[in-house]
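Below: the structure, in structure tokens.
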Amino acid sequence: MLCVRAPGRVNLIGEHTDYNDGYVLPVAISLETRVYARPREDTRCILYSDTLDEQAEFDLGAIPEPADLPSGFVRYVAGVAWALQRYTGRTLTGIEATITSRLPLGAGLSSSAALEAAFAVLWNRLDDLELNQGMLAILCLEAEHVYAGVQCGLMDQAASLLSEVGHALFFDTRTMATQRIPLPSDWAIVVADTGKPRALAESEYNTRRAQCGAAVQALQKLLGEEVRALRDISPEQAALYLPLVEEPARRRARHVIGENARVLEFLNALRHADAARVRRLMLASHASLRDDYEVSCAELDVMVEACMHAGAIGARMTGAGFGGACIALVERAQRERFLTLAEQHYRARVPHYEPRFWVCEAVGGASMCPEV
Ligand code: GLA
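If you count by the numbering used here, then the sequence shown holds residues 157 to 528, one letter each, in order.
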């Protein structure tokens, strides 16, 4: 029996920048998805999710179109198979597989990217495809675009496949250059889930992406064709030219341009374990996502407030938004006190959702586990 593990992620900073050719700084976390698989003699894939208690199947010889598959986990697996087959020109080996996950679904921790990464690594091994983790990330992204219909960027797949133990992953989504940034060993990563499932995330996500595209077009008219993405605009240019761009594209662009600058500053702050600067940057990121990008919600705002009240070094929403989780950095020695205070503060203000907290370690990218 083969076993593969793939982690979810939180993003320290760099939100909604990845589809604008920008910078991101995610951490792969110790909430993982595992797949146990047995190869078959034919091309059928029989899948069972023990988290959802659901079974699904499809044939690699004739992978159904996305619309002909039920929504849910099978789409991601079929999407990965489709992308791998298209890229390699080969037909993959059929499998019987059980999926099990500690990653909560819909909490903005990239359970879908983890699922894709797990199957990509599995087939890469099973069929000796010899693709590197970066290529697997690109193919997983294609699966997400075509089979899940979300026009997301590459952050989640990169985090799940390219991360290293104890490090955050600085990832340049234009060049795909990576840098592993060590995390201060006395800081803990806490995921604070609001309990509010992400609503509207998909349609609003694609709308935000289109609005960023509109901002690029307007800026191209003002500054020339070399503006290929919001990544190409400096904060100084933004101050001069954004007032000439129409709303809401103007505020969306202001968030993205400011956020890219914040990621670069955050790298330095993290290297020096500069708590004051980390706090300022995380809170500025959250405020910009709330006010300019408009992807936060009352529950996420209260959770950030709860985390700061409980003594976090810094906190902000993480992932696409509209519900889901916050990331908080917390002094390791203070974490028990932090958890108690943050939960109390949140529950007192948001009685209708069940918050959850996880203290996570930074783990390495998706890999095969020892044979079981
Ligand atoms: C989702 C997407 C990512 C990224 C974030 C926002 O998690 O899958 O590609 O765009 O939202 O930063």
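Glycine is no exception: its CB is placed at the ideal position from the N, C-alpha and C atoms.
Since we're looking at a predicted model, the values are computed, not measured.
Residue i, enclosing beta strand (DSSP E) - first and last residue
{"i": "ALA223", "result": "Per DSSP, ALA223 belongs to no beta strand (DSSP E) and is neither H nor E."}
{"i": "GLY470", "result": "470-473"}
is_contact[residue i, chain C] using C-beta, thresh 8 Å
{"i": "ALA454", "result": "Checking the listed chains, one finds no chain C in this structure; it contains a single protein chain."}
Proximity test, residue i beta-carbon vs the ligand GLA heavy atom, cut-off 7 Å
{"i": "CYS308", "result": "yes"}
{"i": "TYR179", "result": "no"}
{"i": "ALA476", "result": "yes"}
{"i": "TYR175", "result": "yes"}
{"i": "SER266", "result": "yes"}
{"i": "GLU213", "result": "no"}
{"i": "GLU171", "result": "yes"}
{"i": "ASN424", "result": "no"}
{"i": "ASN167", "result": "yes"}
{"i": "MET311", "result": "yes"}
Integer-rounded CB distance, given that residue j should sit under 8 Å from residue i
{"i": "ASN167", "j": "LEU386", "result": "Not really, about 17 Å apart at Cβ, beyond 8 Å."}
{"i": "CYS453", "j": "LYS352", "result": "7 Å"}
{"i": "THR256", "j": "ARG190", "result": "5 Å"}
{"i": "VAL460", "j": "ALA471", "result": "5 Å"}
{"i": "HIS465", "j": "HIS508", "result": "About 20 Å separates the two Cβ atoms, so there is no contact after all."}
{"i": "GLU487", "j": "ILE469", "result": "7 Å"}
{"i": "ALA481", "j": "ASP349", "result": "4 Å"}
{"i": "TYR303", "j": "GLY235", "result": "3 Å"}
{"i": "PRO163", "j": "GLU197", "result": "Not a contact, Cβ separation roughly 32 Å."}
{"i": "TYR397", "j": "LEU375", "result": "6 Å"}
{"i": "ALA462", "j": "ALA489", "result": "Contact flag wrong, Cβ pair sits at about 20 Å."}
{"i": "ALA504", "j": "ILE345", "result": "So it is not a contact: roughly 25 Å between Cβ atoms."}
{"i": "SER441", "j": "GLU171", "result": "6 Å"}
{"i": "ALA299", "j": "TYR232", "result": "7 Å"}
{"i": "ALA425", "j": "VAL434", "result": "5 Å"}
{"i": "ILE483", "j": "VAL347", "result": "6 Å"}
{"i": "PHE513", "j": "ARG354", "result": "About 18 Å; that fails the 8 Å criterion."}
{"i": "ALA269", "j": "SER319", "result": "Not quite, the Cβ-Cβ distance comes to about 12 Å (not below 8 Å), so this is no contact."}
{"i": "PHE326", "j": "LEU423", "result": "6 Å"}
{"i": "ARG165", "j": "LEU265", "result": "7 Å"}
Delimiting residues of the alpha helix (DSSP H) encompassing residue i
{"i": "ARG525", "result": "The question names Arg, but residue 525 is Cys in the sequence shown. Note, CYS525: premise wrong, no alpha helix (DSSP H); not H, not E."}
{"i": "MET438", "result": "431-447"}
{"i": "GLY290", "result": "289-299"}
{"i": "CYS463", "result": "454-465"}
{"i": "GLY235", "result": "229-244"}
{"i": "ALA547", "result": "Any answer about residue 547 is impossible in this case: the structure gives the chain only from 157 up to 528."}
{"i": "ILE413", "result": "405-427"}
{"i": "GLN307", "result": "Counting along the chain, GLN307 falls outside any alpha helix (DSSP H), and DSSP gives it neither H nor E."}
{"i": "GLU450", "result": "First-last for GLU450: undefined, no H or E at that position."}
{"i": "THR496", "result": "491-505"}
{"i": "ALA270", "result": "267-282"}
From the options, residue whose alpha carbon lies closest to that of residue i
{"i": "SER267", "options": "THR334, GLU415, ARG161, THR173", "result": "ARG161"}
{"i": "ARG491", "options": "VAL419, TRP343, VAL236", "result": "TRP343"}
{"i": "THR207", "options": "PRO222, LEU261, VAL180", "result": "LEU261"}
{"i": "GLU213", "options": "GLU252, ALA274, LEU240", "result": "GLU252"}
{"i": "ILE294", "options": "ASP284, VAL277, HIS465, ARG281", "result": "VAL277"}
{"i": "LEU216", "options": "TRP238, ALA429, GLU210", "result": "TRP238"}
{"i": "CYS296", "options": "ALA274, ARG406, GLY170", "result": "ALA274"}
{"i": "ASP328", "options": "VAL372, PRO511, THR496, PRO182", "result": "PRO182"}
{"i": "GLN372", "options": "LEU396, GLU392, ARG406", "result": "The sequence as given places Val at residue 372; Gln does not occur at that position. Of the candidates LEU396, GLU392, ARG406, the one whose C-alpha sits nearest the C-alpha of VAL372 is ARG406."}
{"i": "HIS428", "options": "GLU415, LEU339, PRO391, ARG384", "result": "LEU339"}
{"i": "ARG246", "options": "ASN280, MET332, ARG336", "result": "ASN280"}
{"i": "LEU287", "options": "LEU240, SER390, MET438", "result": "LEU240"}
{"i": "ARG194", "options": "PRO222, ALA223, LEU158", "result": "LEU158"}
{"i": "GLY520", "options": "GLU210, VAL321, THR199", "result": "VAL321"}
{"i": "PRO511", "options": "ALA263, GLN307, LEU445", "result": "ALA263"}
{"i": "GLU392", "options": "HIS301, LEU282, TRP514, ILE413", "result": "ILE413"}
DSSP beta-bridge partners of residue i
{"i": "ALA533", "result": "The structure shown does not extend to residue 533, since the chain is modelled only from 157 to 528, so the question has no answer here."}
{"i": "LEU390", "result": "It is Ser, not Leu, that sits at residue 390 in the sequence shown. DSSP lists no partner for SER390."}
{"i": "ALA518", "result": "ILE185"}
{"i": "LEU203", "result": "ALA212, ALA253"}
{"i": "LEU325", "result": "ARG336"}
{"i": "PRO163", "result": "GLU188"}
{"i": "TYR179", "result": "ASP328"}
{"i": "PHE513", "result": "ALA348"}
{"i": "LEU158", "result": "ALA193"}
{"i": "ALA481", "result": "ASP349"}
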